[in-house]
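Chains as they are written, first to last, in my numbering: chain A, 29 to 140; chain B, 29 to 140.
Just so it is clear, CB atoms sit at the ideal spot from N, CA and C, and this is done for glycine as well.
Number of protein chains: 2
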Amino acid sequence: MKQAIVVRTDLGMGTGKLAAQVAHASLSAYEDTGRKARKAWKGEGQKKVVLKAAGESQIFELADRAEREGLPHAVIRDAGHTQLDPGTVTTLAVGPGEESIVDKVTGDLSLY
Amino acid sequence: MKQAIVVRTDLGMGTGKLAAQVAHASLSAYEDTGRKARKAWKGEGQKKVVLKAAGESQIFELADRAEREGLPHAVIRDAGHTQLDPGTVTTLAVGPGEESIVDKVTGDLSLY
């Protein structure tokens with residue numbers, strides 16, 4: 029089991045901002061996950077990978093793919109208090125889910 | 029309501045690694061939080077701040093303080109598959125809780 033969190037590299041987010049957006053995505057997709065998958069993922073140490081996306085359109089394409097694979101997922105928009113315009117899409121979390129299915133969606137992306 | 033996630037700056041973690049550890053801490057402390065506080069925090073947009081700690085001893089001091097304030101908290105140790113030695117303490121999440129109480133614990137730290 030793993031969860032993949034995909035981050036836009038084109039926004040120039042600072043490290044703390046980026047980490048907060050990743051955590052936001054992770055928690056939101058987790059909340060969208062069934063009890064059995066949650067438990068299995070946590071039992072294995074809640075494996076997470078953080079990956080790079082080029083921009084907004086890629087985030088939406090990946091979210092569509094996650095939807096078609098039946099994986100829990102969450103697209104995060106920034107509230108815009110700092111650094112970014114309100115509503116800017118920053119991150120996508122996919123899973124937790126079976127590694128092989130998560131890889132169908134995010135397997136081609138580079139590690140952040 | 030907010031959650032503060034405190035990161036060691038002395039480990040030289042890469043951005044993706046750091047973000048994954050922050051997400052891990054955030055979710056672990058969230059799971060340790062009562063239903064009412066969870067709901068209130070999410071209703072307000074799950075505010076998170078990512079802060080800097082100098083090293084391991086500061087993480088443990090802050091965790092002790094969170095314990096005394098009755099705040100949910102989680103100290104994260106890395107599994108050590110990459111970059112760090114197994115068991116290395118990387119992050120601490122405090123809250124979600126009332127902002128004024130979280131600030132009693134982490135209010136003196138700098139934003140990451």
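_Contact list for the stretch 74 to 98 of chain A against chain B, Cβ threshold 9 Å_ = Of all residues in the stretch 74 to 98 of chain A, 74, 75, 76, 77, 78, 79 and 80 have a Cβ within less than 9 Å of some Cβ in chain B.
*asked:* Could you pull the DSSP bridge partners for residue 75/B from this structure?
replied: Per DSSP, none; premise fails for residue 75/B.
*So, residue 123/A versus residue 101/A, is the Cβ gap smaller than 9 Å?*
Yes. Within cutoff.
*On the premise that residue 137/A lies in contact with residue 91/A, defined as a C-beta separation below 8 Å, what is that separation, rounded to the nearest angstrom?*
Taking 8 Å as the upper bound for CB-CB distance, residue 91/A and residue 137/A are not in contact here, some 13 Å apart.
_Ordered list of beta strand (DSSP E) runs contained in the stretch 39 to 84 of chain B, each at least 3 residues_ = You should have 76 to 81.
*In the DSSP assignment, find the unbroken beta strand (DSSP E) run with residue 118/B in it and report its ends.*
Its beta strand (DSSP E) spans residues 117 to 125.
*Which residue or residues does DSSP assign as beta-bridge partners of residue 91/A?*
None; residue 91/A has no bridge partner.
*residue 44/A classed as buried or exposed, judged by whether at least 16 other C-beta atoms fall within 10 angstroms*: Classified as buried, residue 44/A has 16 or more neighbouring CB atoms from the shown chains inside 10 Å of its CB.
*Per-residue burial, residue 106/B [other beta carbons within 10 Å of its own, 16 or more giving buried]*: Buried, because 16 or more other Cβ atoms sit within 10 Å of the Cβ of residue 106/B.
_Backbone CA spacing between residue 47/B and residue 42/A [nearest angstrom]_ = So the two alpha carbons sit approximately 11 Å from each other.
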